[in-house]
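One structure is given below, encoded as structure tokens.
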Amino acid sequence: MAFWHKKPKPAAGEGLDPSRLPRHVAIIMDGNGRWAKKRGLPRTAGHAAGAETFRTIAYRCRDLGIPYLTVYAFSTENWKRPVEEVSAIMDLLRKYLAEALEKMERDGFRIKFFGDLAALTPELRQLCLETEETGQGVAGAKYQINVCLNYGGRDEILRAAKSWARDVLAGRQQVEELTDEVFSRYLDSRGVPDPDLIIRPSGELRLSNFLPWQAAYAEFYFTDVLWPDFSPGVLDEALADFQRRQRRFGGV
Ligand code: FPP
């Protein structure tokens, strides 16, 4: 039997052009609840499965050489959920951040948070700050994960506007000198390039207050796959689709 006719298993990112990968991928991790419901499990089981998917996809992005990944973990509106669900999500964050703290040096990545951390419990806030600080110290980190936590795009813009206005009142900024580049420095995403590709799984076709300022020229990819089922193969499909797009940024 001609065993060489067997196709080898495709390597990570096979078929993708490494020179045309997005620099920044942003993902709305949606569909955890429906994934759990389909299996007769509590919603919290969906979040636990979603957190595992987050880890898999984060490492996949790093291995492909995509330097920035941003994920929507908890929105300013998610506090409306039942208290047990909120605390289960916060527990997962605690668990995965503790793991990230241990591994970021070895695996060469850093973590940043977008959102208003003031509303978190003091312990979780402390863990977030410690994670950011440790990440700053990772020499030669080539990969950054931004976790949107108690994040809302309009809230981010309002906080930035207030902060800029305070600088105007203090004489540190001039109204006439405000440009989008200057304003970007007041956003949680300061220093991070805008996302090139925004992915939303689970069949929903909206932005839901996710990075509205930064999404100005992003490409969008929607899929019916629920987040816990989102595999490296689905990421590859999104990246392949991105590589077929023509980006003109308002030009011709
Ligand atoms: C949206 O699905 C998901 C969330 C609001 C929570 C996302 C949180 C995690 C994946 C866990 C922790 C994160 C990290 C970074 C470790 P949904 O509950 O709205 O799903 P549904 O629309 O099917 O109800």
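Quick note on the working numbering: the sequence shown kicks off at 65 and runs consecutively.
No residue lacks a Cβ here, since even glycine has one placed at the ideal position from N, Cα and C.
With respect to the C-alpha of F138, the residue from D171, G172, N96 having the closest C-alpha is N96. Within the region 171-254, complete alpha helix (DSSP H) segments of at least 4 residues are found at 186-200, 217-233, 244-248, given in chain order. G267 and L233 have their C-alpha atoms some 45 Å from each other.
With fewer than 16 other Cβ atoms from the protein chains shown falling within 10 Å of its own Cβ, Q238 counts as exposed. Relative to the Cα of R126, the nearest Cα in the group H88, A112, G104 belongs to H88.
The beta carbon of P257 sits closer than 7 Å to those of R87, H88, Y132, all from its chain and outside the five residues before and after it, given in chain order. Assignment of beta-bridge partners to F286 by DSSP yields R264. F306 sits in a helix when the DSSP states are folded into three classes. Distance between I130 and T195, taken at the CA atoms: about 21 Å. DSSP, read as helix, strand or coil, puts S139 in strand. Between the alpha carbons of R236 and I91 lies a distance of about 35 Å. Burial state of K176 is buried, judged by a 10 Å Cβ sphere holding 16 or more other Cβ atoms.
When the beta-carbon positions are compared, F178 and E149 stay at least 8 Å from each other. Taking K167 as reference, the option from T117, A122, G77, P146 with the minimal CA-CA separation is A122.
Nearest to F173 by alpha-carbon distance, out of L269, N214, A205, is A205. The residues A115, F118, R119, in chain order, have a CB closer than 8 Å to that of Y160 in the same chain once the five nearest residues on each side in sequence are set aside. W277 places its beta carbon less than 8 Å from that of G217. Taken in chain order, the complete alpha helix (DSSP H) segments of 4 or more residues contained in the region 77-105 are 96-102. At least one heavy atom of the ligand FPP sits closer than 7 Å to the Cβ of V211. Counting along the chain, the unbroken alpha helix (DSSP H) around A109 starts and ends at 107-128.
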